[in-house]
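From first to last, the protein sequence lines are chains L and R. The numbering used here numbers the first residue of the first sequence as 1 and each following residue consecutively. The numbering used here numbers the first residue of the second sequence as 1001 and each following residue consecutively. We put the beta carbon where it would ideally sit given N, CA and C, even for glycine. It should be emphasised that the depicted structure is a prediction, and the values quoted were computed from it without experimental measurement. In what follows, a structure is listed as C-alpha cells, so that the remarks can point back to it.
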Amino acid sequence: EDQVTQSPEALRLQEGESSSLNCSYTVSGLRGLFWYRQDPGKGPEFLFTLYSAGEEKEKERLKATLTKKESFLHITAPKPEDSATYLCAVQARRTGGGADGLTFGKGTHLIIQP
Amino acid sequence: EPEVTQTPSHQVTQMGQEVILRCVPISNHLYFYWYRQILGQKVEFLVSFYNNEISEKSEIFDDQFSVERPDGSNFTLKIRSTKLEDSAMYFCASSGPGGNIQYFGAGTRLSVL
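What follows is the structure in C-alpha cells.
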C-alpha cells in the first residue's frame, strides 16, 4: 500500500524566515511525486512534479527536491501570501497508462506572519 | 488559463437521496478523476476514467458510486443513496495526454442531512 507522511503538520514562520517541509513516501514503482498548494475551501493547485531521485524544481520562493525515500519543499524568504496547506502526493505505476490515482499526505499547514 | 469547472459549489441533500456532481475537465485532457476530502482529513482518490471506461477505483468507490461522461465535455459522479458519511468536499481533476499532472477543480461541498 502506498503511503505518504508529511511533517510537520503545522508550521508558523516569520516573514523572511526560510524553512523546509518534509514528505516521506513508500510506493511500489514511483511514477511521479507531486506538490500542491491548497487554500481554505479551494481545490489543490499544482506546484511541482518530480520523477526521479536527484531531481530539483524551482518556482519563485519554492524549491522541491526528491530522494528515493523523501521529498523536501524548501521555502526561501516566505511572504504572508505563501500561507496555505502544502500537499505532497505520489502516483504509482499501476494501470500502465496515465490514469493512476494520487495518494496524498495530510499536508503541512504553513502560516507566515508579517 | 484553462481550468476544471465543478458545479454546484455546494449541494445539500437528505440521506438516501441521489446526487449528481458535475465537472467540465480541461478541454484537451484525456484522463479524468474524482477525489474526496472529508473535513480535516486528507484528499482521497475515488476513481479514474479514460477512454470512456473506469481505469482504476479505490475501496471507497463502491456500488453506490458511478461515473459517466455523458457528452464530449461533462464528467459526472453519481451517488445513488447518500449517507451521512458521504458529506465531504468532492474534487474533479483532469490530466493531458501524458496523464501526469492532474489539475483540480475548486470542488463541490456535499452536505448530507
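I'd like to confirm the pairing. Which residues does DSSP put opposite residue i in its beta bridges?
| i | result |
| --- | --- |
| residue 1020 (chain R) | R:1078 |
| residue 89 (chain L) | L:34, L:104 |
| residue 110 (chain L) | L:11, L:84 |
| residue 1054 (chain R) | R:1049 |
In or out: residue i buried (at least 16 other Cβ within 10 Å) or exposed?
| i | result |
| --- | --- |
| residue 75 (chain L) | buried |
| residue 16 (chain L) | exposed |
| residue 1054 (chain R) | exposed |
| residue 1089 (chain R) | buried |
| residue 1062 (chain R) | exposed |
| residue 44 (chain L) | buried |
| residue 1082 (chain R) | buried |
| residue 1067 (chain R) | buried |
| residue 1097 (chain R) | exposed |
| residue 1044 (chain R) | buried |
| residue 1038 (chain R) | exposed |
| residue 14 (chain L) | exposed |
| residue 111 (chain L) | exposed |
Looking only at its chain, what residues have a beta carbon closer than 6 Å to the beta carbon of residue i, apart from the 5 residues adjacent to it on each side?
| i | result |
| --- | --- |
| residue 109 (chain L) | 10, 85 |
| residue 57 (chain L) | 48, 64 |
Tell me which same chain residues have a C-beta within less than 7 Å of the C-beta of residue i, skipping the five on either side of it?
| i | result |
| --- | --- |
| residue 4 (chain L) | 23, 25, 88, 89, 90, 103, 104, 105 |
Would you kindly report the start and end of the unbroken beta strand (DSSP E) that includes residue i?
| i | result |
| --- | --- |
| residue 1048 (chain R) | 1044 to 1050 |
| residue 119 (chain L) | Any property of residue 119 (chain L) remains undetermined from this structure, which presents chain L solely from 1 to 114. |
| residue 52 (chain L) | Segment: none, residue 52 (chain L) is in no beta strand (DSSP E) and carries neither H nor E. |
| residue 1010 (chain R) | 1010 to 1013 |
| residue 1037 (chain R) | 1031 to 1037 |
| residue 1108 (chain R) | 1108 to 1112 |
| residue 22 (chain L) | 19 to 26 |
| residue 72 (chain L) | 70 to 75 |
| residue 62 (chain L) | 62 to 66 |
Grab me the residues of residue i's own chain with a C-beta within less than 8 Å of its C-beta, minus the 5 sequence neighbours each way, in chain order.
| i | result |
| --- | --- |
| residue 1101 (chain R) | 1095 |
| residue 1069 (chain R) | 1032, 1049, 1052, 1075, 1076 |
| residue 1111 (chain R) | 1010, 1011, 1012, 1013, 1087 |
**Study point:** Any 3 or more C-beta pairs closer than 8 Å across the stretch 33 to 53 of chain L and the stretch 64 to 71 of chain L
**Key:** Enough Cβ pairs lie closer than 8 Å, so yes.
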